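**Q** The opening position of the sequence shown corresponds to residue 3 in my numbering, with each subsequent residue numbered one higher.
Take a look at the following structure, please.
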Amino acid sequence: MGLSRTALLWCSQNKWMKTNVPKYAFVKKAVKKFMPGETVEDAVAAALEFNNKNIGTLFTQLGENISNLDEADSVTQHYLDVLKIISSQNLTAEISIKLTQLGFDFSFDQTFKNISLIAAKAKELNNFVWIDMEQSYYVDDTIKVYKKLKSEFDNIGLCLQSYLMRTKSDLEEMINISPAIRLVKGAYMEPANVAFKKKFDVDENYFELTKYMLTAGLENNARIAIATHDLKMISRIKEYAKSNNISNDRFEFNMLYGIKTDEQKKLVEQGKRLSVLISYGENWYPWYVRRLAERPANIGFVIRNMF
Ligand SMILES: Cc1cc2nc3c(=O)[nH]c(=O)nc-3n(C[C@H](O)[C@H](O)[C@H](O)COP(=O)(O)OP(=O)(O)OC[C@H]3O[C@@H](n4cnc5c(N)ncnc54)[C@H](O)[C@@H]3O)c2cc1C
């Protein structure tokens, strides 16, 4: 891991910075590249634009590691409201949630209750809920929540990270439950005993896991979301799908709002399925700094906004 990435991931967790950095106007301005605004109305307006271009969307309210279970109730209510908004506005939009926002640091049972309420409402409104994957110490319990929920609901997906050495066996272990998997490389700072440290290894594992999903996954009716902006990887995957006669409707691509927008357009023109994850909310600091860490050159953009 490069020094700048390590430093930025450290900044994303720093308490003083979390409170103070978001107050600067130039930082607020820079963050606009990655999110349309702080309110759900901003996300709805952006989703309408994407939908008009035949691009699906995923809504996620920023904020992680809340400080008590009352806050978890508010987040739960927020997502129940968002599902109603999506339905009433006829948007092509799903939702993506961090379990730490639903109380994971305090109570497994309460978190499960909250996510079940959201899954049930989504089911009623013909929608779909994705569970984000957070730091490695949450993985065991997140998978536990996912499997338990999946035994009750069919409209639930899970994010898995290719930087974790364990992911191949996690995926193999759940392949027979017809999972919906969103594969990402992974955004957090992880120790070397759990995560690949070389980008080459993370990338190769990403490709291996994708091939597994496009073979064993499809045989088991898995839903497959390939969430990356890595253009070389996207080409490799498209090539693999083509040479194995896997049609465009068997998998989808996911990207983040504001990143590789030209490629987003191209994928849709090529008949690929694409959804863009739209983040919104007031608590954007740790999430935003993780975006900077993914591409430290983004710092230049923040600095330019100072002037
Ligand atoms: C829909 C979606 C959901 C996600 N959910 C999770 C999750 O639940 N848990 C989790 O740990 N991670 C999540 N991530 C983040 C993910 O783990 C990666 O950190 C992120 O996608 C960057 O990796 P990459 O695959 O694009 O590849 P990289 O090799 O990191 O990047 C490839 C290229 O994409 C461009 N790029 C990548 N990131 C940026 C950026 N921030 N700004 C500008 N250009 C950039 C650059 O040109 C870079 O060279 C999610 C990503 C997406 C798209």
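For glycine and all other residues, C-beta sits at the position ideal for the given N, C-alpha and C.
Just so it is clear, the structure is predicted and the values come from calculations on it, not from any experiment.
Whose C-alpha, out of D172, R225, K25 and L71, is nearest the C-alpha of F130?
**A** When only C-alpha atoms are compared, the closest one is R225.
**Q** CA-CA distance, K240 and C161?
**A** Looking at the two C-alpha atoms, the distance is approximately 21 Å.
**Q** Take G219 and list the residues in its own chain whose beta-carbon comes closer than 6 Å to its own, dropping the five residues that flank it on each side.
**A** Excluding sequence neighbours, G219 sits near I226.
**Q** With the cut-off set at 8 Å, would you say Q103 and G65 are in Cβ contact?
**A** Cβ distance < 8 Å, so Q103 and G65 count as in contact.
**Q** Relative to the C-alpha of W289, which candidate in K150, M37 and L60 has its C-alpha closest?
**A** Nearest of K150, M37 and L60 to W289, Cα basis: M37.
**Q** Which full runs of the alpha helix (DSSP H) of 4+ residues lie inside the stretch 24-91, going along the chain?
**A** Counting whole runs of 4 or more residues, the stretch 24-91 contains the alpha helix (DSSP H) stretches 27-33, 42-54 and 71-90.
**Q** Closest to E136 by CA distance: which of E192, K35 and S6 is it?
**A** Of E192, K35 and S6, the residue nearest in Cα terms is E192.
**Q** Report, in whole angstroms, the separation of the C-beta atoms of Y282 and A45, which I expect to be a contact under 8 Å.
**A** Right, the Cβ-Cβ distance comes to about 4 Å (below 8 Å), so this counts as a contact.
**Q** Whole-angstrom Cβ separation of L2 and L173, contact assumed at under 8 Å?
**A** Since the first residue of the chain shown is 3 and the last is 309, residue 2 is not available in this structure.
**Q** Using the Cα positions of F106 and S245, report the straight-line distance between them to the nearest angstrom.
**A** Using only the alpha carbons, I get a separation of about 42 Å.
**Q** Below 8 Å on the Cβ atoms is my guess for M265 versus L294; work out the distance and round it to an integer in Å.
**A** According to the sequence shown, residue 265 is Glu rather than Met. E265 to L294, Cβ: 20 Å. No contact.
**Q** In the DSSP assignment, find the alpha helix (DSSP H) that holds M167 and state where it starts and stops.
**A** Careful: M167 lies outside any alpha helix (DSSP H) and carries neither H nor E.
**Q** Less than 8 Å separating the beta-carbons of L276 and F255?
**A** It is a contact, given that the beta carbons lie within the stated cut-off.
**Q** Relative to the C-alpha of V186, which candidate in K125, M19, Y140 and L258 has its C-alpha closest?
**A** Considering only alpha carbons, the answer is L258.
**Q** How would you call F202, buried or exposed, if buried means at least 16 neighbouring beta carbons within 10 angstroms?
**A** Exposed: under 16 other Cβ atoms inside 10 Å.
**Q** Does DSSP put E254 in a helix, in a strand, or in coil?
**A** The answer is strand: DSSP assigns E254 an E or B state.
**Q** Taking all protein chains shown into account, do 16 or more other C-beta atoms lie within 10 angstroms of the C-beta of A95, making it buried, or fewer, making it exposed?
**A** So A95 counts as buried.
**Q** Mind checking whether the beta-carbon of K311 lies closer than 7 Å to any heavy atom of ligand 1?
**A** Only positions 3 to 309 of the chain appear in the structure, and residue 311 is not among them; the question remains open.
**Q** What residue from A229, N128, A121 and D142 has the CA that sits closest to E154's CA?
**A** Checking every option, the nearest Cα to that of E154 belongs to A121.
**Q** Measure from the C-beta of K199 to each C-beta in chain B and report whether the shortest distance is under 8 Å.
**A** The structure shown contains no chain B; it is built from a single protein chain.
**Q** Looking at the structure shown, is G159 part of a helix, part of a strand, or coil, going by DSSP?
**A** G159: strand per DSSP, three-state reduction.
**Q** What do you get for T113, buried or exposed, if any count of 16 or more other CB atoms within 10 angstroms of its CB means buried?
**A** When all chains shown are included, T113 counts as buried.
**Q** Following a CB-centred definition, is E192 positioned closer than 7 Å to any heavy atom of ligand 1?
**A** For ligand 1, not one heavy atom lies less than 7 Å from the Cβ of E192.
**Q** What three-state label does DSSP hand W289 in the structure shown?
**A** Of the three classes helix, strand and coil, the one that applies to W289 here is helix, per DSSP.
**Q** Please look up how many angstroms separate the CB atoms of V42 and V84, rounded, as I've assumed it's under 8 Å.
**A** 6 Å between Cβ atoms; contact.
**Q** Ends of the beta strand (DSSP E) at Y2?
**A** Outside the shown range of the chain (3 to 309) lies residue 2, about which nothing can therefore be said.
**Q** Tell whether a beta-carbon distance below 8 Å holds between T144 and L101.
**A** Result yes, Cβ atoms of T144 and L101 sit closer than 8 Å.
**Q** Mapping the DSSP letters down to three states, classify S153 as helix, strand or coil.
**A** Residue state, collapsed to three classes: coil.
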